[in-house]
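Engineer:
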Amino acid sequence: MRPDSPDQPLERVTPRRLGSLRLRLTVGVPLLTALIVGLVEWGHEAAASTEVLSHAAWLVLGLSAALLLLVEVLMLRPLRQLAAGCEAMESAPLPLTPEFAAPAPGRAAELDRIGHAMRRVQGSLWQQEQDARELRRELAQQRQQLEQARAALETHQRELANLARTDILTGIANQRVFEETLRREFKRAQRQRGLLAVAVLDLDQFKQFNLTHGTGVGDQALQRVAALLTERFKRDTDLVARLGGEEFAALLPGLGMAEAQGVLESVREELRALHLPDGRGDLTLSIGLAAASPAHPYLSAQALLQAADEALYIAKHAGRDRLSLAA
């Protein structure tokens, strides 16, 4: 196929074409330079002279030589080297021999070692990904277990806090809660010059009752008494507590001696009529009552509670099953 065939999209650069291009540049560059220098000199000199023409001729020669040298170095020489390379490749094509078709034995072994190393790296990366996935799964399980443990701990803490303020057997307030509430209500009654009644209630001969009927029946009796007191004293401000053993207490804010006495007498009568499970005997109740008021103040909450205890002692020694008032 000829180089200038229309089927070839790009014309091949040949030495003949490079020679023609060099000739055209050798003629064209001096002419263009002479034209530019003539225009410049004509603008600066009014009339031509021998000295001016000589200066212009040397200037044209110098500029033309410089431009031709730049064109030779920057364009013609690279084109000539490119043409020589193309001719060399066309005249001596690279044969496809077994040496090029397959790598040398040493090179093949090296490629095998590289491929084996890459497979080992891929296997290691896959294993690391599996280990990371398993670790994430274990962390998620541990996080879930930690959340469950935290929730259980909070539940236990609430239960412990509730147990610390509740009597386990009867479910009503314990002595600690009663004493805290008594101090708070006593200070409030002092500030507001209000009324505050405190009653201490004790089951009569309860130890003998336990010996006769057993501690199981005795525990049931304590639970029945606690339920009766809770039912009778159910205002928001009332508080019923078990002080220990068979002794209970009732805190009645806003009630004076007379009002509290009437309620407690009815409680004592209801307890006497309350038959225990399986009809195993009856219980009676001794009560000591003290009430603080502006007309009958107490120095402290402890003094008010002690007055109720002393009244209970009097009721016990007066024959039991009765209510005694503090002096």
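Using the numbering used here, the final residue of the sequence shown is 464, and nothing's skipped along the way.
Just so it is clear, CB atoms sit at the ideal spot from N, CA and C, and this is done for glycine as well.
Alpha carbon to alpha carbon, what distance is there between Gly331 and Ala79?
Structural biologist: In the structure as shown, the chain begins at 138 and stops at 464. Residue 79 is therefore absent and cannot be evaluated.
Engineer: Exposed or buried, which one is Asp373 when buried takes at least 16 other CB atoms within 10 Å?
Structural biologist: Here the question's residue 373 lines up with position 236 in the sequence shown. Per the 10 Å Cβ criterion, exposed.
Engineer: Out of Ala358, Arg214, Ala455, Asp446, which has the shortest C-alpha to C-alpha gap to Asn347?
Structural biologist: Here residue 347 refers to the residue found at position 210 of the sequence shown. Measuring from the Cα of Asn347, the nearest candidate turns out to be Ala358.
Engineer: Around the C-beta of Ser157, are 16 or more other C-beta atoms found within 10 angstroms, so that it is buried, or is it exposed?
Structural biologist: Counted from its first residue, the sequence shown places residue 157 at position 20. Of the other Cβ atoms in all chains shown, fewer than 16 fall within 10 Å of the Cβ of Ser157; this residue is therefore exposed.
Engineer: Over the uninterrupted alpha helix (DSSP H) stretch that includes Leu111, give me the two end residues.
Structural biologist: Because residue 111 is not part of the residues shown, which for the chain are 138 to 464, the question remains open.
Engineer: Tell me, to the nearest whole angstrom, how far the beta carbon of Gln312 is from that of Leu366; I am working on the premise that it is less than 8 Å.
Structural biologist: Sequence index remark: in the sequence shown, residue 312 carries index 175 (1-based). Sequence index remark: in the sequence shown, residue 366 carries index 229 (1-based). So it is not a contact: roughly 15 Å between Cβ atoms.
Engineer: Is there contact here, the segment 433-450 with the segment 321-339, by at least three beta-carbon pairs under 8 Å?
Structural biologist: Contact between the segment 433-450 and the segment 321-339 is established, with three or more Cβ pairs separated by less than 8 Å.
Engineer: If you count every other CB in all the chains shown that lies within 10 Å of the CB of Ser261, and 16 or more means buried, which is it?
Structural biologist: In the sequence shown, the residue the question calls residue 261 occupies position 124. Exposed, because fewer than 16 other Cβ atoms sit within 10 Å of the Cβ of Ser261.
Engineer: For Ala386, I'd like the list of residues in its chain whose CB is within less than 6 Å of its CB, leaving aside the five on either flank, ordered along the chain.
Structural biologist: In the sequence shown, residue 386 corresponds to position 249, counting from 1. Same-chain partners within the cutoff: Phe315, Val337, Ala378, Leu380.
Engineer: Look at the alpha carbon of Arg274 and the alpha carbon of Gln265, and state the distance between them as a whole number of angstroms.
Structural biologist: Sequence index remark: in the sequence shown, residue 274 carries index 137 (1-based). Sequence index remark: in the sequence shown, residue 265 carries index 128 (1-based). Computed Cα separation, rounded: 14 Å.
Engineer: Within its chain, find whatever has a CB closer than 8 Å to the CB of Ala326; leave out the 5 residues flanking it on each side and keep chain order.
Structural biologist: The residue you call residue 326 lines up with position 189 of the sequence shown. Same-chain partners within the cutoff: Leu332, Leu333, Pro390, Ala429.
Engineer: Identify whether Gly175 lies in helix, strand or coil by the three-state DSSP scheme.
Structural biologist: In the sequence shown, counting from the first residue as 1, residue 175 sits at position 38. DSSP places Gly175 in helix when its eight states are reduced to three.
Engineer: Alpha carbon to alpha carbon, how far is Asp249 from Gln267?
Structural biologist: Position 112 of the sequence shown, counted from the first residue, corresponds to residue 249. Position 130 of the sequence shown, counted from the first residue, corresponds to residue 267. For Asp249 and Gln267, the distance between alpha carbons rounds to 27 Å.
Engineer: Answer yes or no: do Leu340 and Leu411 have a C-beta to C-beta separation smaller than 8 Å?
Structural biologist: Counting from one through the sequence shown, the residue named residue 340 turns up at place 203. Counting from one through the sequence shown, the residue named residue 411 turns up at place 274. Taking 8 Å as the Cβ cut-off, Leu340 and Leu411 do not qualify as a contacting pair.
Engineer: Return the CA-CA distance between Val362 and Lys371, expressed in angstroms with no decimal places.
Structural biologist: The residue given as residue 362 occupies position 225 in the sequence shown. The residue given as residue 371 occupies position 234 in the sequence shown. Val362 and Lys371: Cα-Cα distance of roughly 14 Å.
Engineer: With 16 as the cutoff for other CB atoms within 10 Å, does Ser201 come out buried or exposed?
Structural biologist: The sequence position of residue 201 within the sequence shown is 64, counting from 1. Buried, since its Cβ has 16 or more Cβ neighbours within 10 Å.
Engineer: Who are the near neighbours of Asp458 in its chain, counting only those whose CB is closer than 8 Å to its CB and skipping five residues on each side?
Structural biologist: Indexing the sequence shown from 1 puts residue 458 at position 321. The answer, listed in chain order, is Asp341, Arg405, Arg409, Thr421, Leu422, Ser423.
Engineer: Could you check what DSSP says for Pro215 in three-state terms: helix, strand or coil?
Structural biologist: Position 78 of the sequence shown, counted from the first residue, corresponds to residue 215. If DSSP states are grouped into helix, strand and coil, Pro215 belongs with the helices.
Engineer: Using a Cβ-Cβ cutoff of less than 6 Å, which residues in the same chain neighbour Pro431 once the five nearest sequence positions on both sides are dropped?
Structural biologist: Residue 431 sits at position 294 when you count from the first residue of the sequence shown. For Pro431, where only same-chain residues beyond five positions count, the Cβ hits under 6 Å are Arg330.
Engineer: Which same chain residues, not among the five before or five after Thr307, have their C-beta less than 7 Å away from its C-beta?
Structural biologist: Locating residue 307 in the sequence shown gives position 170, where the first residue counts as 1. Here the set comprises Leu359, Gln360, Ala363, Arg379.
Engineer: For the putative contact between Glu402 and Leu460, defined by C-beta atoms under 8 Å, what is the C-beta separation to the nearest angstrom?
Structural biologist: Residue 402 sits at position 265 when you count from the first residue of the sequence shown. Residue 460 sits at position 323 when you count from the first residue of the sequence shown. Sure, about 6 Å apart at Cβ, within 8 Å.
Engineer: Which of the three DSSP states, helix, strand or coil, is assigned to Gly367?
Structural biologist: Mapped onto the sequence shown, residue 367 falls at position 230. Looking at the sequence itself, residue 367 is Thr, so the reference to Gly does not match. Helix.
Engineer: Can you tell me whether DSSP reads Ile305 as helix, strand or coil?
Structural biologist: Walking along the sequence shown from the start, residue 305 turns up at place 168. Coil at Ile305, not helix or strand.
Engineer: Would you kindly work out how many angstroms separate the C-alpha atoms of Thr163 and Ala171, rounded to a whole number?
Structural biologist: Indexing the sequence shown from 1 puts residue 163 at position 26. Indexing the sequence shown from 1 puts residue 171 at position 34. Cα to Cα, the separation comes out at about 13 Å.
Engineer: Are the beta-carbon atoms of Tyr435 and Leu441 separated by less than 8 Å?
Structural biologist: For the purposes of this step, residue 435 is taken as residue 298 along the sequence shown, with counting starting at 1. For the purposes of this step, residue 441 is taken as residue 304 along the sequence shown, with counting starting at 1. Closer than 8 Å, so yes.
Engineer: Who are Ile251's beta bridge partners in DSSP?
Structural biologist: Sequence index remark: in the sequence shown, residue 251 carries index 114 (1-based). Answer by DSSP bridge pairing: none, since Ile251 is not bridged.
Engineer: What did DSSP end up calling Leu160 once you bin it into helix, strand or coil?
Structural biologist: As a first step, residue 160 is located in the sequence shown; it is residue number 23 there, counting from the start. If DSSP states are grouped into helix, strand and coil, Leu160 belongs with the helices.
Engineer: Is it true that the CB of Val166 sits closer than 8 Å to the CB of Leu206?
Structural biologist: Residue 206 sits at position 69 when you count from the first residue of the sequence shown. Residue 166 sits at position 29 when you count from the first residue of the sequence shown. Cβ atoms of Leu206 and Val166: not closer than 8 Å.
Engineer: Output the distance between the C-alpha atoms of His293 and Gly353, rounded to the nearest integer angstrom.
Structural biologist: As a working mapping, residue 293 is identified with position 156 in the sequence shown. As a working mapping, residue 353 is identified with position 216 in the sequence shown. Their Cα atoms are separated by approximately 28 Å.
Engineer: When burial is assigned at 16 or more other CB atoms within 10 Å of the CB, is Ala455 buried or exposed?
Structural biologist: Residue mapping note: residue 455 aligns to position 318 of the sequence shown, counting from 1. So Ala455 ends up on the exposed side.
Engineer: Does Leu272 come out as helix, strand or coil in the three-state DSSP assignment?
Structural biologist: As a position in the sequence shown, residue 272 is number 135, starting the count at 1. Reduced to three states, the DSSP call for Leu272 is helix.
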